[in-house]
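Listed in order, the protein sequences are those of chains A and B.
The opening residue of the first sequence carries number 1 in our numbering; numbering runs sequentially from there.
The opening residue of the second sequence carries number 1 in our numbering; numbering runs sequentially from there.
Note that CB positions come from ideal geometry on N, CA and C, so glycine has one too.
Every value quoted in this text rests on a predicted model; they were computed, and no experiment measured them.
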Amino acid sequence: MATNGEEQQTQAGRHQEVGHKSLLQSDALYQYILETSVYPREPESMKELREVTAKHPWNIMTTSADEGQFLNMLLKLINAKNTMEIGVFTGYSLLATALALPDDGKILAMDINKENYELGLPVIQKAGVAHKIEFKEGPALPVLDQLVQDEKNHGSYDFIFVDADKDNYLNYHKRLIELVKVGGLIGYDNTLWNGSVVAPPDAPLRKYVRYYRDFVLELNKALAVDPRIEICMLPVGDGITLCRRIK
Amino acid sequence: MASKGEEQQTQAGRHQEVGHKSLLQSDALYQYILETSVYPREPEPMKELRELTAKHPWNIMTTSADEGQFLNMLLKLINAKNTMEIGVYTGYSLLATALALPDDGKILAMDINKENYELGLPIIQKAGVAHKIDFKEGPALPVLDQLVQDEKNHGSYDFIFVDADKDNYLNYHKRLIELVKVGGIIGYDNTLWNGSVVAPPDAPLRKYVRYYRDFVLELNKALAVDPRIEICMLPVGDGITLCRRVK
Numbered sequence: 001m002a003t004n005g006e007e008q009q010t011q012a013g014r015h016q017e018v019g020h021k022s023l024l025q026s027d028a029l030y031q032y033i034l035e036t037s038v039y040p041r042e043p044e045s046m047k048e049l050r051e052v053t054a055k056h057p058w059n060i061m062t063t064s065a066d067e068g069q070f071l072n073m074l075l076k077l078i079n080a081k082n083t084m085e086i087g088v089f090t091g092y093s094l095l096a097t098a099l100a101l102p103d104d105g106k107i108l109a110m111d112i113n114k115e116n117y118e119l120g121l122p123v124i125q126k127a128g129v130a131h132k133i134e135f136k137e138g139p140a141l142p143v144l145d146q147l148v149q150d151e152k153n154h155g156s157y158d159f160i161f162v163d164a165d166k167d168n169y170l171n172y173h174k175r176l177i178e179l180v181k182v183g184g185l186i187g188y189d190n191t192l193w194n195g196s197v198v199a200p201p202d203a204p205l206r207k208y209v210r211y212y213r214d215f216v217l218e219l220n221k222a223l224a225v226d227p228r229i230e231i232c233m234l235p236v237g238d239g240i241t242l243c244r245r246i247k
Numbered sequence: 001m002a003s004k005g006e007e008q009q010t011q012a013g014r015h016q017e018v019g020h021k022s023l024l025q026s027d028a029l030y031q032y033i034l035e036t037s038v039y040p041r042e043p044e045p046m047k048e049l050r051e052l053t054a055k056h057p058w059n060i061m062t063t064s065a066d067e068g069q070f071l072n073m074l075l076k077l078i079n080a081k082n083t084m085e086i087g088v089y090t091g092y093s094l095l096a097t098a099l100a101l102p103d104d105g106k107i108l109a110m111d112i113n114k115e116n117y118e119l120g121l122p123i124i125q126k127a128g129v130a131h132k133i134d135f136k137e138g139p140a141l142p143v144l145d146q147l148v149q150d151e152k153n154h155g156s157y158d159f160i161f162v163d164a165d166k167d168n169y170l171n172y173h174k175r176l177i178e179l180v181k182v183g184g185i186i187g188y189d190n191t192l193w194n195g196s197v198v199a200p201p202d203a204p205l206r207k208y209v210r211y212y213r214d215f216v217l218e219l220n221k222a223l224a225v226d227p228r229i230e231i232c233m234l235p236v237g238d239g240i241t242l243c244r245r246v247k
């Protein structure tokens, strides 16, 4: 995510994922995972979308290839059919999701920026899975509030992926915990926030990293004590916290 | 796994998991995950077993708490009922598994050493889940060969976890790919081998790390090209490769 980790970068790692550092002990180890297990298995459409996105000035926002592979497998493992995504950018995780769902699977995808979504949409259409996606442009909270108002939406989602504004994650959580089914999953992305969750107080951090870090720390504390979910923090990508609703 | 990483240990990290380094960029980050999301949620029997195991001279062999949490969640997500474990040691991952399965769930657990299993067994019994476990002492290959001979065992396992002798993983794989169901998962542990998969040729490695590294590298290459599975290498613990059988 953030590019503040340059001082940690002692190896001359090849960055095929522009701007992507990992949370791992070395860039070499991350590259090993990508080259051994991720890229050789990456569907053509995802490779194409990743390459389109790499040219975008905000490309550090994209989901990394290892994370896309994990999400794709996870969705197949849980036989997900009705999902939601908050935060789309050019659609890499959206495509990973769409490829994993059955043909009659559905994804409600929201982002404040429709242009970026439209950059990736042709690739998603070519992959034959765009019909599963319903894209809504604009902030997610009003949409969620509306969904929560209707009881028949409660517990109707198998999987919800949140990769958006960190200062709103807890606000999203209040609604999403009603909308995801019992036994279903909410995934919160970037919960290790480039490792800055443990940066000492005087560490040089980019302004936005430091600003959002407080929200991330608060989110992590809140999820850890939420009795309605079981959690698991995975060091994939920039950190994903999986929350399985249990009541 | 290996304790060769001392030179990498620049931070004064607190090691509640004796001998456990992680694959992450810092021990502080690993501790953050453990303290924020793992230990507060760790079931009492698992905590007890972990503490008991920490006193054992071979404790670096144990499954780490973050990995136990992940396995437990994964098994619930896939509604696993019939599982297998190769490599038990004192039973931490076995207990994580037994707690995740329904009351009529079954685990075939194999290890060449019964004494270590019996060290942890009282805790598993106290947790009320020992009835799910069928423990067989001895090498796994003969048992697998026998299982494979009977067609009704083919595709009968929802989940198989391999955390044993790395020089036999590919031999296990030949049998396990028949025994796991289509859509089921085989998990191979230690596939990032303390990060040594990318160590330069002149790096100082412990003998056994260097010896088994070749097998790990070969395994990773083989799994990556196996058309019968989809894979995902997760940097949890010492690296777990999840293999979902697709045909």
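Annotation for Lys132(B): Ala98, Leu101, Gly105, Lys106 and Ile107 place their beta carbon closer than 7 Å to its own, counting only its chain and skipping 5 residues before and after. Taking the Cα positions, Val162(B) is about 16 Å away from Ser156(B).
In this structure the stretch 102–112 of chain A touches the stretch 82–89 of chain A; the number of beta carbon pairs closer than 8 Å is three or more. Secondary structure remark: continuous beta strand (DSSP E) runs of at least 3 residues inside the stretch 49–115 of chain A, in chain order: 82–86 and 106–111.
Residue state for Leu101(B) is assigned as coil, using DSSP reduced to three classes. Rounded to whole angstroms, Leu29(A) and Leu49(B) show a C-alpha spacing of 31 Å.
With contacts defined as CB atoms closer than 8 Å, Val148(A) and Tyr117(A) fail to qualify as a contacting pair.
Its Cα nearest to that of His154(A), the residue Gly184(A) stands out among Gly184(A), Asp165(A) and Val162(A). Non-local C-beta neighbours of Arg50(A) in its own chain, meaning closer than 7 Å and more than five positions away in sequence, comprise Ala65 and Tyr92, ordered along the chain. For Phe70(B), the residues of chain A that pass the 8 Å Cβ criterion are Cys232 and Leu234, in the order they occur in the chain. Flagged as an interface residue toward chain B: Asn220(A), by a C-beta distance shorter than 8 Å. Ranking Asp167(A), Glu67(A), Val209(A) and Pro139(A) by CA distance to the CA of Lys114(A) puts Pro139(A) first. Classified as exposed, Pro204(A) has fewer than 16 neighbouring CB atoms from the shown chains inside 10 Å of its CB. The Cβ atoms of Ile231(A) and Ser64(B) lie no closer than 8 Å to each other. Listed along chain B, the residues sitting closer than 7 Å to Met73(A) by beta-carbon distance are Glu230, Cys232, Leu242 and Arg244. Counting along the chain, no beta strand (DSSP E) covers Glu178(B); the unbroken alpha helix (DSSP H) around it starts and ends at Tyr169 to Leu179. Contact of Thr83(A) with chain B is not assigned, every C-beta pair being separated by 8 Å or more.
When the five nearest sequence neighbours on each side are left out, the beta carbons in the same chain lying within less than 7 Å of the beta carbon of Phe70(B) are those of Val236, in order along the chain. Short of 8 Å from the beta carbon of Met46(A), and not among the five residues preceding or following it, lie these beta carbons of its own chain, in chain order: Ala65, Gly68, Tyr92, Leu95, Ala96 and Leu99.
Here DSSP, grouped into helix, strand and coil, assigns Glu134(A) to strand. Taking 9 Å as the upper bound on Cβ-Cβ separation, chain A lies near no residue of the stretch 93–105 of chain B.
For the pair Ser93(B) and Gly120(B), the CB atoms are not nearer than the 8 Å cut-off. A direct Cα-Cα distance of roughly 48 Å separates Val209(B) from Arg175(A). Per DSSP, reduced to three states, the secondary structure at Gly187(B) is strand.
Inclusion of Pro139(B) and Ile112(B) in the CB contact set at 8 Å is warranted, their separation being smaller than that value. When DSSP assignments are scanned along the stretch 60–111 of chain B, the uninterrupted stretches of alpha helix (DSSP H) that are 4 or more residues long and fall wholly within it turn out to be 65–77 and 92–100. Listed along chain A is no residue with a C-beta nearer than 7 Å to that of Ser64(B); the closest approach is about 12 Å. Going by C-alpha positions, Leu144(B) is about 39 Å away from Ser26(B). In terms of beta-carbon proximity, Thr36(B) lines the interface with chain A, with at least one pair separated by less than 8 Å. Identification of chain B residues near Val209(A) by a Cβ-Cβ cut-off of 7 Å yields none; the smallest Cβ-Cβ distance measures about 15 Å. Under the Cβ criterion of 8 Å, Pro201(B) is not counted among the residues facing chain A. Going by DSSP, Val143(B) is part of the alpha helix (DSSP H) stretching over Ala140 to Gln149. The continuous alpha helix (DSSP H) containing Leu179(A) extends over residues Tyr169 to Leu179. Counting only residues of its own chain and dropping the five nearest sequence neighbours on each side, Leu179(A) has a CB closer than 8 Å to the CB of Met84, Leu144, Leu147, Val148, Asn153, His154, Gly155, Ser156, Tyr157 and Ile160. Under DSSP, the beta-bridge partners assigned to Ile133(B) are Ile107(B).
Pairing Arg244(B) with Leu101(A) gives a Cβ-Cβ distance that is not under 8 Å.
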